[in-house]
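A.B. asks: Have a look at this one.
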Amino acid sequence: MTNTDQLQTAESRFTRISRSTITAMIPVIGAIVIGGLLLMTLGRNPFVFFGNMIDHGLISSLGRQETLIRMAPLLLIASGLMIAFPAGIWNLGTDGQFVMGGVVVAALGPEMAPHVNGFVLFLTLFVVGFAVGAIWSLVPAILKAWYGINEIISTLMLTFIGLRFSALLVKEYFFDPETTVPQTRVLAVADRLPRMFSSRVHIGLVVGLVAIIAVHFMMRKTAFGLRLQIVGMNPKAAVHAGMKMKPLTIAIFTLSSGFAGLAAAVNVAGVDGVVRAEWNPAIGLLVVPLVFLARFHAASVIAFIAAFAVFQVGGESASRKSDIPNFMVLVMVGLLLIFMALGEYMQLRSSRKHQS
Amino acid sequence: MNGLFSEIFISSLISGGVIAGIPLIYAGLGEAISERAGVLNVGLEGMMIGGAYGGFVGGLSFNSTWLGLICGALTGMIISLFMVVLCVRLNSNQIVVGIAITLGAEGVTALLHGAIYADTYPRVPTVQQVAIPLLSDIPILGPGLFNHHLSAYLAVIFVLFVSWVLKSTGIGLSIKAAGDQPHALEAAGGDVHRTRTIAVLSTGLLAGFGGAFIVLVGAGLFVPFVTNGKGFIAIVLAMLVRGRVKWIIVAAVLFGMSLSLTTALQLAGIDIPIDLVLMLPFVLIIIVLFVFGRRSYLPAALALPYDREQH
Amino acid sequence: MVTATELTPTAELIGITKKYPGVVANSDIHLSLRPGEVHSLLGENGAGKSTLIGILSGMIQPDAGEIRISGELVRFESPRDALERGIGTVYQHSLLVPTLTVLDNLLLGVDQGWKLGREVATTRLQELATLLDVEIDPSAVVGDLALGQRQQVEIVRALWRGEGVLILDEPTSMLTPQGAEKLAQVVRRLVSKGLAVVFITHKLNEALDLGDRVTVLRRGKIVGEVSPSDMLSKDRKAITKEVLQMIFGESTKASNTTVAKHVAKSDEQVFRVDQVLVAGSELHLVLDKVSFALNRGEILGIAGIDGNGQKELAEVLSGQRKVDSGEIQLDGKSIQLLSTAARQALGVRYVTDDRLGEGTVGPLSIALNIVLKRVGEAPFWQRSWIKNNAIREFARVLIKQHDVRTPNELVAISNLSGGNIQKVILARELALNPRVVIYNKPTYGLDSRTAYVVLARIAEQAESGVTTIFISTELSEIVAICHRVAVMYRGQLSEPIDVRPGIELQLGALMTGSTTV
Amino acid sequence: GSSSTTTDTAAAPVATDAPVATDAPVAVVEAIVKTIAVLAPEAGNDFGWNQQGVDSAKAAAAELGIEVIVADNLGYGDITPNLRELAEKADFIIAHASGYNTAAPEVGAEFNKPVAIVDTPNALKAGLVADYTASPNEGAYLAGVLAAKTTRSGTLGVVVSGEPPSWNSQSGGFADGAKSVNPKVKLLYSVIGPAAYADAEGANRVTKTLIAAGADVIFGQGDGASFGMLSAIEETPATDGGKVLFIDVIGNKTSIDKGHLLSSVLWDFKGAFVDMIKDVNAGTYGTRNYGLNLKNGSIALLKTALIKDAVWTEIEAIKASIIDGSLVVENITDAADVHARMSKVTQGK
Ligand SMILES: Nc1ncnc2c1ncn2[C@@H]1O[C@H](COP(=O)(O)OP(=O)(O)OP(=O)(O)O)[C@@H](O)[C@H]1O
Ligand SMILES: Nc1ncnc2c1ncn2[C@@H]1O[C@H](COP(=O)(O)OP(=O)(O)OP(=O)(O)O)[C@@H](O)[C@H]1O
Ligand SMILES: [Mg+2]
Ligand SMILES: [Mg+2]
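Here you go:
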């Protein structure tokens, strides 16, 4: 967070947002041009490909809904990262926190559903998902707070461990005896998160948007948020100012990974309804660059995640129609990120020019 | 001894651990150099998979393991140019570019492999193993540790070389300064951009070499995603040794051995769920981290772009 | 005798302009540095001195203007270009690599093929250290050194690399008077060999003693000069007056460090330190059974050469460092186990000397740095929600009161000049209504008028009952405002003695470890 | 093509208005299904599960003269966007991964489209959902017999990239088959490692370890990983200096073999898919499941030149007794049961 904007005037905030919206468009175009060249060398028609991509990712009602559905967990993971990264905590273990949260929620949901009403069910599942995600980062949190141990290592390792552990849970304890493949019981379609406006988009999207906006203001407007930023920018100054580093560190881990667990709860209760052994959507690492590019600003994060989801949902469909392996989507996302990074550079340069 | 616990079996376990560990030494060493220079290279996985593919194509085209390894190293270096231009020169966010490199390289190599090799799955030339005299005769340990392709021993030489460079040369000092206090480096007449460029290119070279090793010596052929997250493990190992590069050898080989150990445990019929066994290498890292990794040190300017006039 | 004026200038700055958002740091500056001449550069905090020498040393690119070296037009893209032209610089804020040893810091950036010439460098380092009469352990890691020791290393490096021009940006701010005197001798000798020296200081006497020529900057412009002939011909008092006038403009108040000392200290014991011990990793203790007691309104000076445990003592008292044994009492209650925050709540304040490292958060605005130790407190936060207007209002008042030079309170604090950053820190701490304040070199880097104001403020607060621990390497300051003074030497604190005129000699002896006077 | 793959022949009704002759696709005039879609998690040219699924769907479509949409490489994450898009276009959806067995029926119900899922027999739902499940244990049993009759060392290696039920079923069948020939045969078993299905390097390493422990026939299961096994086998001689041989599963790697491929337990889904489409057209879909087994020919053992004729004859005989029911091959899906059948290293002499 470039942090004079702590005390920015409303006006300059507006220009900032509009500027970042413009810079969001340039990279998309750049990625499409280079991706198009690649498609041509592979003998595919880029216009057809991108036409399909935009159509299915953004324009067709079906695709647009899928894009919105895809955004919900991404927004929640991003909310967590918007807390951890400005506070200088490299939580790279969101995939593990996500999977652990998802597994427990998937096991609990079908057990609870027949006995409680929807509100209680979802509230419980959200709280449990959040709690499990948070608990899964307890070890890195304690290692960091008490022993100063590098959390990049510990959170990454706990992802690998979490993937095995969740598989173990599903195989040994949470399995549905009715199926031969190891997976949890299914949360019936009728018991999933309510959908909005007679579309397929479930309320998880709202949860995600609310979370990201709440985190945005928490980080920028509250004392707690400022403390976290100070810890991130200059931990020695935080100590000097009398901040309690251990509780702060634990709080950062808890909130950040709790959101990853909540993301899983939303996805399981909203879309999947079930978790198999070896389940790992591995979306956490994809959110990381988007959050950085958005400079932790909610509006930009939402815009970037939307663009990303369009590329993913639309790209998969377009790949199939162009008969090209959907590894093309990976390439497109990679290009998008590279151009976003370039765009950021150009933005910085032009704003410097403006100043002098 | 004629049973299953034969010497040849044990040395095969050790040998497997070594071969799994060598690419981690290369890539981890590369990452360590970058990190010391202040560049957190999360594109390591992408540079490895690029190197794996380049090594594969080179190995096949020239029918030579060595030329393959060199092609892999060059491919890794070319990919690292993205990081040089974007992060070192244009001050883009290192995390963003790193992840972009990883995704892009995974995608491109998988596409190319699918378009060119998926019908034939060609295998790379057989490797020439070289037994080190005397050492390879040590009972039990010798054959597993000291009978490998020359490029495996080269890893150790590279590590010693880099360790010496960091400790005893001007560029070594510059690399450390670029990571810890880049402004001081410039004030002393050094060049942060140049230093970081050298560091990142070295990382690409070493990661590419490691990726090529996976294909040419380890797997015997390329399949999409063949590096399988080894780049991330290498990042972790580089951080674990906290800049003391010689320890990368120990860390990487220990990690490789713990993979072999998972096989050994299964064959020994240890009756615990496989998922618990497979957690072992990662739990081991956390334990090592806890026991040896206190007071974790990361270069102060790690992952921060450098701008001379902005303190 | 040929005067320096007649020779081609070693370095010439012509029409240098540098603007930052809202600030013109340098405006059309012309400056000639001549061989064999010490050129003192004076100016209040934020006048643009560091910016100017940053441009000369290649660190900063000017917006306009040119640089000539020995008459030849040059363009410095980086400090390397300047170093290659023989311009060596001691920057205002330490630019050493904290994780490297002293020796490796000196070797950094020096091209010498593959293998580092450590042996040769060690010898050279010893020579220069002897020259400066300082003790520098070449294998010490810089991060473990006190700021004053780091400054010595920087000086050695600049002497080593600056063959033509030596730039010293407040080199004496962290040195003892003896150290400063040694430096002056070395500079004299170098100048006599033809070096051109730029010397920036806020101590007018130093500037006039050492300088052959004086240039004064104010708000980015050159506002006056004293030529070598004037320096020789005019009377010192007259020059002083003239220069002060140039530095501060019309309203000039003489600023010798005699602050009206109050007498009213009570007998009520407020603060007590008893046998405090901190074991270091080294052979000797960091703090070796330090004891003293202070009454309400008393100012205790702690003198000593930097690196003898003063910083650690301050940290122990403020709660940033744990004690291994011993007791600290406030109003008769033990506080050594309390956290920093808890001690702050009791009125214990610490003004750190590490203004960039821990005193401020660089990317944050001045306003937020001013409330750094009050995050969450009313009226700046209400129900935990930030009240920007209250913070800005408060910041504006303090900025005005302490004369912080800045376009506005939203500027990132890292963009301020060193002295202005220090003003912000002082403003923050003095505004807190403290009970016990520990000052660690509070006037370091301040121009003389500001320093005077600060000392007056400290004295004034003491008068109103604040108990003060005043750590400084400036004996004159200590003598000016302290009631009693003790000396730190290798972790041990001497018995406090009453301050009386002429005590400096005795203190000086204690500071170097000799027990007899 | 096989005319009937049903496990429950009595339940197969005959469509009254559309008498179907399998060899005359053009005759299907009233066909409801004009387009089918097949979804596979990985590349459709992997010489394994995905390729067999995709190729079988294409063959089935060709036989019936209908369109096929192939969506491969979809992974195991959220595939509902793909499912929904395909459900709009296709009349019948084959969700060719056990990981799709929850999402596919749900989306099918949403669009009222019939879907086929795998390894979930009790999800049957009239008009909407049916399952196809292989009984590869029978084929693997034959592979076990073949291995035991081929090994020189008496030690066989089983390398797997994971432990899903169908893998376990094959590992168990293989062990039982091998032991039926030689009860003392040693069976070394190892799951590759944490990095799962595409870990060619890990596969190579584990395979070499098993070879070093004496195995000279390797039964390998794993998608991308199986190429690593093949490469290890090509590089490494057995402890007696001779050749190590490989028994693959599901797909047919003959075209890329360099003389080590002993056999493969082939899975052919075409018959099942054809039957499914016909049942959809007949309005009877969702009333029964579909099986792959030796009997209907959709599970078979690959014959290669490396198999001696005498051995093959014996295998044919055993196959016949499985088909006629006189020999019942136990189908185990639990990993613990698989482990129980394997040798321990400590049991060595
Ligand atoms: N990752 C690590 N975790 C714990 N301890 C470590 C680690 N790396 C190094 N050490 C310890 O730090 C010490 C110094 O390490 P290292 O051997 O790299 O020093 P060096 O001076 O660079 O090497 P050498 O003197 O052998 O040339 C060693 O004694 C070792 O015990
Ligand atoms: N990077 C920067 N960005 C914005 N403003 C800057 C920057 N660097 C310096 N300034 C401004 O330029 C002016 C001159 O600063 P400079 O550091 O040259 O002053 P100085 O004379 O050295 O003061 P001091 O005696 O306090 O060190 C100040 O107002 C300062 O705030
Ligand atoms: Mg050593
Ligand atoms: Mg200055």
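Protein chains in written order, with the numbering used here: chain L, 48 to 403; chain G, 152 to 462; chain A, -11 to 505; chain P, 35 to 383.
Glycine residues also receive a C-beta, built at the ideal position from the N, C-alpha and C atoms.
(1) Find the nearest neighbour of Asn323 of chain P within the set P:Gln204, P:Val152 and P:Ile349, judged by alpha-carbon distance.
(2) Answer yes if the stretch 117 to 131 of chain L comes into contact with the stretch 157 to 169 of chain L, meaning at least three C-beta pairs across the two stretches below 8 Å, and no otherwise.
(3) From the DSSP output, in three-state form, read off Ile173 of chain G for me.
(4) Going along chain L, which residues have a C-beta under 8 Å from Leu180 of chain G?
(5) Mark Thr431 of chain A as exposed unless 16 or more other C-beta atoms lie within 10 angstroms of its C-beta, in which case mark it buried.
(6) Since Gly340 of chain G and Arg68 of chain A are thought to touch, with beta carbons under 8 Å apart, how far apart are those beta carbons, to the nearest angstrom?
(7) Bridge partners for Ser20 of chain A per DSSP, in chain order?
(8) Beta-carbon separation of Thr167 of chain P and Gly325 of chain P under 8 Å?
(9) Could you tell me whether the stretch 143 to 150 of chain L touches the stretch 199 to 217 of chain L, where touching means 3 or more Cβ pairs closer than 8 Å?
(10) Write down every uninterrupted run of the alpha helix (DSSP H) in the stretch 354 to 416 of chain G whose length is 4 residues or greater and which is fully enclosed by it, in chain order.
(11) Does chain P have any CB closer than 8 Å to the CB of Tyr272 of chain G?
(12) What did DSSP end up calling Ser180 of chain A once you bin it into helix, strand or coil?
(13) For chain G, check one thing: does any of its Cβ atoms lie closer than 8 Å to the Cβ of Val240 of chain P?
(14) For Gly268 of chain A, collect the residues of the same chain with a Cβ closer than 7 Å to its Cβ; drop the 5 residues on either side in sequence, then sort them by chain order.
(15) Once DSSP output is grouped into helix, strand and coil, what is the label at Gly420 of chain G?
(16) Could you check what DSSP says for Lys337 of chain P in three-state terms: helix, strand or coil?
(17) Measuring straight from C-alpha to C-alpha, what distance separates Ile250 of chain L and Pro241 of chain L?
(18) Alpha carbons only, please: which of L:Leu109, L:Leu234, L:Val228 and L:Ile124 is nearest the one belonging to Leu302 of chain L?
(19) Just verifying my parser: in three-state terms, what is the DSSP assignment at Phe518 of chain A?
(20) May I ask you to list, following chain order, the residues of the stretch 273 to 302 of chain P that have a beta carbon less than 7 Å from some beta carbon of chain G?
(21) Taking 7 Å as the cut-off, is the beta-carbon of Lys225 of chain A closer than that to any non-hydrogen atom of ligand 2?
(22) For Ala61 of chain P, does the three-state DSSP call read helix, strand or coil?
(23) At what residues does the beta strand (DSSP E) containing Val258 of chain A begin and finish?
(24) Mind checking Ile43 of chain A: buried by the 16 CB within 10 Å criterion, or exposed?
(25) For a test of your reading of the model: does the CB of Asp435 of chain A fall under 7 Å from any non-hydrogen atom of ligand 2? Yes or no.
(26) Return the residue from the list A:Leu282, A:Ile374 and A:Arg437 that minimises the CA-CA distance to Lys268 of chain L.
(27) DSSP puts Leu279 of chain P in a beta bridge; with which residues?
(28) Report yes if the C-beta distance between Gly167 of chain G and Ser409 of chain G is below 8 Å; otherwise report no.
(29) Within the present structure, is the beta-carbon of Lys321 of chain A separated from the nearest heavy atom of ligand 4 by less than 7 Å?
(30) Using alpha carbons as the reference points, say which of P:Ile290, P:Lys147 and P:Asp274 lies closest to Ser260 of chain P.
(31) By DSSP, does Thr56 of chain P sit in helix, in strand, or in coil?
(32) What residues are listed by DSSP as bridge partners for Ile245 of chain P?
(33) 8 Å is my cut-off, CB to CB: does Leu418 of chain G come that close to chain A?
(34) For Gln553 of chain A, does the three-state DSSP call read helix, strand or coil?
(35) Report all residues from its chain with a CB closer than 7 Å to the CB of Asn244 of chain A; omit the five preceding and five following residues, and keep chain order.
(36) What do you get for Glu58 of chain L, buried or exposed, if any count of 16 or more other CB atoms within 10 angstroms of its CB means buried?
C.D. replies: Well, looking at it:
(1) When C-alpha distances from Asn323 of chain P are compared across P:Gln204, P:Val152 and P:Ile349, the shortest belongs to P:Val152.
(2) Inter-segment contact for the stretch 157 to 169 of chain L and the stretch 117 to 131 of chain L is absent: fewer than three beta-carbon pairs are separated by less than 8 Å.
(3) Helix at Ile173 of chain G.
(4) Here the premise fails: no neighbours, minimum Cβ distance about 17 Å.
(5) So Thr431 of chain A counts as buried.
(6) Correct: roughly 4 Å between the Cβ atoms.
(7) According to DSSP, which records beta bridges pairwise, Ser20 of chain A is partnered with A:Glu0.
(8) Going by C-beta atoms, Thr167 of chain P is nearer than 8 Å to Gly325 of chain P.
(9) Counting Cβ pairs under 8 Å, three or more are found: they touch.
(10) 381 to 391, all fully within the stretch 354 to 416 of chain G.
(11) Interface with chain P (8 Å Cβ-Cβ cutoff): Tyr272 of chain G is included.
(12) Reduced to three states, the DSSP call for Ser180 of chain A is helix.
(13) Residue-level contact by beta carbon holds for Val240 of chain P and chain G, with a gap shorter than 8 Å.
(14) These residues qualify, in order along the chain: Val274.
(15) Here Gly420 of chain G sits in coil by DSSP.
(16) Correct three-state label for Lys337 of chain P: coil.
(17) In a straight line, the C-alpha of Ile250 of chain L is about 6 Å away from that of Pro241 of chain L.
(18) Measuring from the Cα of Leu302 of chain L, the nearest candidate turns out to be L:Ile124.
(19) Past the boundaries of the shown model lies residue 518 of chain A; chain A is included only from -11 to 505, so the question cannot be answered.
(20) Here the close residues are Thr273 and Ile290.
(21) For ligand 2, not one heavy atom lies less than 7 Å from the Cβ of Lys225 of chain A.
(22) Interpretation of Ala61 of chain P is limited by its pLDDT of 39, a score under 50 that renders its predicted location unreliable; the figure taken from the coordinates is listed afterwards. Correct three-state label for Ala61 of chain P: helix.
(23) Its beta strand (DSSP E) spans residues Gln257 to Val266.
(24) Ile43 of chain A is buried by the Cβ-count criterion.
(25) It does: the Cβ of Asp435 of chain A is within 7 Å (strictly closer) of some heavy atom of ligand 2.
(26) Considering only alpha carbons, the answer is A:Ile374.
(27) Looking at the DSSP output, Leu279 of chain P bridges to P:Val251.
(28) No, Cβ-Cβ distance for Gly167 of chain G and Ser409 of chain G is not below 8 Å.
(29) Checking the Cβ of Lys321 of chain A against ligand 4 gives no.
(30) Minimum Cα distance to Ser260 of chain P is reached at P:Ile290.
(31) Below a pLDDT of 50, predicted positions are generally treated as unreliable, and Thr56 of chain P, at 44, falls in that range; the measurement from the model is reported next regardless. Note: Thr56 of chain P maps to coil in three-state DSSP.
(32) Note: Ile245 of chain P sits in no beta bridge, so no partner.
(33) Answer no: the Cβ-Cβ gap between Leu418 of chain G and chain A never drops below 8 Å.
(34) Within the shown structure, residues of chain A are numbered from -11 to 505, placing residue 553 of chain A beyond reach of any answer.
(35) Since pLDDT at Asn244 of chain A reaches only 48, below the 50 mark, its modelled position is unreliable, and no value is offered.
(36) Only weak support exists for where Glu58 of chain L lies, its pLDDT of 45 falling under 50; the coordinates are left without a value.
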